[in-house]
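K.L.:
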Amino acid sequence: MTARVGVITFPGTLDDVDAARAVRRAGAEAVPLWHADADLHGVDAVIVPGGFSYGDYLRAGAIARFAPVMGPVVDAAGGGLPVLGICNGFQILCEAGLLPGAMTRNAGLRFICRDVWLRVANAETAWTAGYEADQRILVPLKSGEGRFVAEQRTLDELEGDGRVVFRYESAAPNGSSRDIAGVASANGRVVGLMPHPEHAIDPATGPSADGLGLFTSVLTQLVESA
Amino acid sequence: MARVVVNVMPKAEILDPQGQAVVGALPRLGFAGVREVRQGKHFELDIDDSVDDETLEQIAGTLLANPVIEDWSVTRLPENGTA
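These protein sequence lines are chains A and R, in that order. Its first residue numbered 744, the first sequence is counted upward by one per residue in my numbering. Its first residue numbered 95, the second sequence is counted upward by one per residue in my numbering.
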């Protein structure tokens, strides 16, 4: 049985096509989910892709969090459904309370669009189990509000519990606290990151194929748990 | 009908690069003596009398502000008040 991975499209989403392509490249079926959907069409995992949902009005992700499809996503995540948020998707998952912290304007105020090296800090989540611990991966970063922040106590807990999943290898270009590029939920099923692994699945169209590992990781998990 | 003002500000410990950019620009324009600028958001709500203070706090804390990074204040203006 082919695993089915849902990819949500909100008004203003940009990267749903590349996310669906990455899912197919990894060997799964990509199922389009619409922001107004009342259910998840029985998918085995969900990706909340990047872009500018609802024009980033109010705060990035603040409106998308209340879209009809997010109710079932939050419920299913509570039951262990793997959920991946990329860039704006990460912001949405933070606003929805599935992941800790928040994203603010880049420290230098400039929109950053460049390839960045990341370290896989936790290779045991649903989305990173296919990587080696401490593996270096090269993926694009493209965001204006990508600076991850949280209370000191929350940051200490995240580091202590191994919930930092990705770190910028050199100092975070956007000023993120403790160079954090991505974090996970307590059970490791929900992961969010600001850089874009879905743009790095093929050297012909991206800086590397290093990002494909997130999408193959979740498939391996689904097959093993089937 | 009443008018309510909600002011949302970045928490003190959150770096406010927009405010820093403003404070950095002022001396270049010849304005001296401004030590710090912090930039936030100002909302004006026209509400029915049925909306109580507790509901207003919920509106501010769940949608208008993100409690992780922002503080807020809710102020009811006097009748025919302006913000």
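Beta carbons are placed, not taken as given, at the ideal position from N, Cα and C, and that holds for glycine. Everything numeric in this text was worked out from a predicted model, so none of it was measured.
1) List the residues of chain R whose Cβ lies closer than 8 Å to the Cβ of leucine 901/A, in chain order.
2) Taking the alpha helix (DSSP H) that methionine 813/A belongs to, which residues open and close that run?
3) Please check the pair proline 792/A and valine 750/A, which I expect to be a contact at CB under 8 Å, by giving their CB distance rounded to whole angstroms.
4) Could you tell me whether the Cβ of valine 908/A comes closer than 8 Å to any Cβ of chain R?
5) Over the uninterrupted beta strand (DSSP E) stretch that includes glutamate 888/A, give me the two end residues.
6) Please go through the same chain and pick out, in chain order, the residues whose beta-carbon is closer than 6 Å to the beta-carbon of leucine 841/A, but skip the five residues on each side of it.
7) Only counting the same chain, and skipping five residues up and downstream in sequence, which positions put a Cβ closer than 8 Å to that of glycine 918/A?
8) Specify, as a first and last residue, the run of the alpha helix (DSSP H) that threonine 959/A falls within.
9) Given this structure, state the Cα-to-Cα distance separating glutamate 967/A from glutamate 941/A, to the nearest angstrom.
10) Exposed or buried, which one is histidine 784/A when buried takes at least 16 other CB atoms within 10 Å?
11) Helix, strand or coil, according to DSSP, for alanine 154/R in the structure here?
12) In three-state DSSP terms, what is serine 759/A?
13) Who pairs with serine 167/R in a beta bridge, going by DSSP?
14) In the DSSP assignment, find the alpha helix (DSSP H) that holds valine 826/A and state where it starts and stops.
15) Got a sec: is the Cβ-Cβ distance from arginine 802/A to anything in chain R below 8 Å?
16) Distance check for threonine 948/A and arginine 879/A, CA to CA, integer angstroms please.
17) Hey, out of Arg906/A, Asp945/A, Asp953/A, whose CA is closest to serine 928/A's CA?
P.N.:
Inspection of the coordinates gives the following:
1) The premise fails here: leucine 901/A is roughly 13 Å from chain R at the closest Cβ pair, so nothing lies under 8 Å.
2) 813 to 821
3) 6 Å
4) no
5) No beta strand (DSSP E) holds glutamate 888/A; DSSP gives it neither H nor E.
6) Ala820, Val933
7) Asn849, Ala850, Gly851, Arg890
8) 955 to 968
9) 23 Å
10) exposed
11) helix
12) It is aspartate, not serine, that sits at residue 759/A in the sequence shown. Three-state DSSP puts aspartate 759/A in a helix.
13) Asn101/R
14) It is not in any alpha helix (DSSP H) - valine 826/A instead sits in the beta strand (DSSP E) that spans 826 to 829.
15) yes
16) 19 Å
17) Arg906/A
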